[in-house]
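Q:
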Amino acid sequence: MNKQKGFIPGLEGVVAAQTRLSRVDGQRGELIIAGYPLAELAGKATFEETTFLLWHGCLPTQTELTAFQTELAQLRPLPGATLTLLQAAARKQIPPMDALRMAAGTLSLDMGERDAPQMAQVITARFPTIVAAYGRLLGGETAVSPDPTLSHAANYLYMLTGAAPSAAQTRALETYLNTVVDHGLNASTFAARVIIATQSDMTSAIVGAVGALKGPLHGGAPGPALDMVFEIGAAERAESYLREKLERGERLMGFGHRVYKVRDPRAEVLGIAAERLFAADGDMALYSLAKSVEKTAVALLAEYKPGRNLQTNVEFYTALLLHGLGLETALFTPTFAIGRIAGWIGHCFEQLENGRLIRPKAAYIGKTHLKWQAVELRTSQ
Ligand code: COA
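Going by my numbering, the sequence shown opens with residue 17, and the numbers climb by one from there.
Now the structure itself:
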């Protein structure tokens, strides 16, 4: 069936868009973000700077940056109805990605007529407010109102905890958000481009992207990756634990990637950011354990899956870093969305500028000569 002429399952290797936002080189383990190697940008830029870079093609001047930060900060508060929806979702203990999807669809509620660039700012500014409010509501606490004097990243941590974060915590989160901001034509970005390519609206494109990101094969792995490190508990248990998992045919979460056949460059950047964060906190135990789990996992994957080049992916150190920032695992994937949204929107802008309706073909493999049968004559098949 897969051999049908022209059929490429999963569209693997098909080039379906041109972009200036990011280049992913899976063989060399290189990620370029709008011209900057990831390691050059991620640890230095604020999230607002990276977002501006993706949306405008260059880093902002101080005046542009101040204006952009102010605009985003003013847009952070949620419509009342969005908060009511989140409260209802929390009472039913709806998973955070589902709550984010529901709430994202309501963000145009108090906005009237807005064009795509305006809605882009509204959605980007409000995603952290949704996730932080929902995280607190789920835990039985009240939502914390955004603080317009804090940066996008610092304000997210503030809304989660109610306390202003340290400079080291803010830097760690900025680095994380920058690291996951864009990654070629991944599934959620493709979903956003498909939707906006029909000349639908920005909110619809982002809601679709959130739905795609939710799946465990895309953005849903950091929670399980961290659970695995905790279950292992001590470096000397890593080999037996991981070997048993592989013997049972299970996948090791946080390893392997469709594109990267060497270590994911994002794992490299986040590994360094996590090390700095844990060092600033003065407790390296979990970081050291994760390092030895990683080393053992990569060695065992080479033994059990030779030739597959299964290496550490972005999720592994995402888990460690976000845990170090005090986030519940349930908020890991929504926090990924808070970063990736800037990339989704950048792709939507590109698609609106020069894109074409995305309309691939399906190869029909069903029957062709069936005869109509009246309902009373049909038997179940
Ligand atoms: N642990 C164990 N085996 C793995 C593995 C993992 N993490 N990832 C891939 N494999 C194995 C598969 O079982 C398959 O083995 P087989 O050929 O003996 O059947 C082989 O490697 C190729 O797997 P395949 O599913 O074709 O790779 P893919 O490119 O489609 O998968 C992922 C990419 C990310 C879906 C996959 O590596 C995975 O499931 N990883 C764990 C989940 C995860 O970390 N996701 C976040 C990604 S950023």
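Note that CB positions come from ideal geometry on N, CA and C, so glycine has one too. Note that the coordinates shown come from a computational prediction; the quantities given were computed from them, not determined experimentally.
Excluding five sequence neighbours on each side, which residues of the same chain lie with their C-beta closer than 6 Å to the C-beta of residue 71?
A: Counting only Cβ-Cβ distances below 6 Å, and skipping sequence neighbours, we find 362.
Q: Between the alpha carbons of residue 241 and residue 232, how many angstroms are there, rounded?
A: Going by the C-alpha atoms only, they are around 11 Å apart.
Q: With a threshold of 7 Å, establish whether the CB of residue 60 neighbours any heavy atom of the ligand COA.
A: Not so, every heavy atom of the ligand COA lies at least 7 Å from the Cβ.
Q: Confirm, please, whether the CB-CB distance from residue 54 to residue 195 is below 8 Å.
A: The answer is yes: Cβ separation under 8 Å.
Q: For residue 328, does the three-state DSSP call read helix, strand or coil?
A: The answer is strand: DSSP assigns residue 328 an E or B state.
Q: Buried or exposed: which applies to residue 17, given that a residue is buried once 16 or more other Cβ atoms fall within 10 Å of its Cβ?
A: Its pLDDT being 47, under 50, residue 17 is placed unreliably in this model, and the value from its coordinates should be taken loosely. That one is exposed.
Q: Under 8 Å Cβ to Cβ from residue 219, same chain only, skipping five residues before and after it: list those, please.
A: Within the same chain, residue 219 has close Cβ partners 120, 121, 123, 124, 135 and 139.
Q: In three-state DSSP terms, what is residue 17?
A: For residue 17, the predicted structure reports a pLDDT of 47, less than 50, and the residue's modelled location is therefore unreliable. A value from the coordinates is still provided. Note: residue 17 maps to coil in three-state DSSP.
Q: Taking the straight line between their C-alpha atoms, what separation do you get for residue 328 and residue 129?
A: If you take the alpha carbons of residue 328 and residue 129, they lie about 45 Å apart.
Q: To the nearest angstrom, how far is the alpha carbon of residue 148 from that of residue 248?
A: Taking the straight line joining both Cα atoms gives about 30 Å.
Q: Check residue 220 in the structure and name its three-state DSSP category.
A: Residue state, collapsed to three classes: helix.
Q: For residue 211 and residue 200, which I take to be in contact (beta-carbon distance under 8 Å), what is that distance rounded to the nearest angstrom?
A: Between residue 200 and residue 211 the Cβ distance is about 18 Å, and since that is not below 8 Å, they are no contact.
Q: What residues in its chain sit with their C-beta under 8 Å from that of residue 106, if we drop five residues either side in the sequence?
A: 115, 150, 153 and 154.
Q: Going by alpha carbons, who is nearest to residue 254 out of 291, 316 and 355?
A: Out of 291, 316 and 355, 316 has the C-alpha closest to the C-alpha of residue 254.
Q: In angstroms, rounded to a whole number, what distance separates the CA positions of residue 89 and residue 222?
A: When rounded, the distance between both Cα atoms is 20 Å.
Q: Taking only the alpha-carbon atoms, compute the straight-line gap between residue 97 and residue 126 and give it to the nearest angstrom.
A: Distance between the alpha carbons of residue 97 and residue 126: 9 Å.
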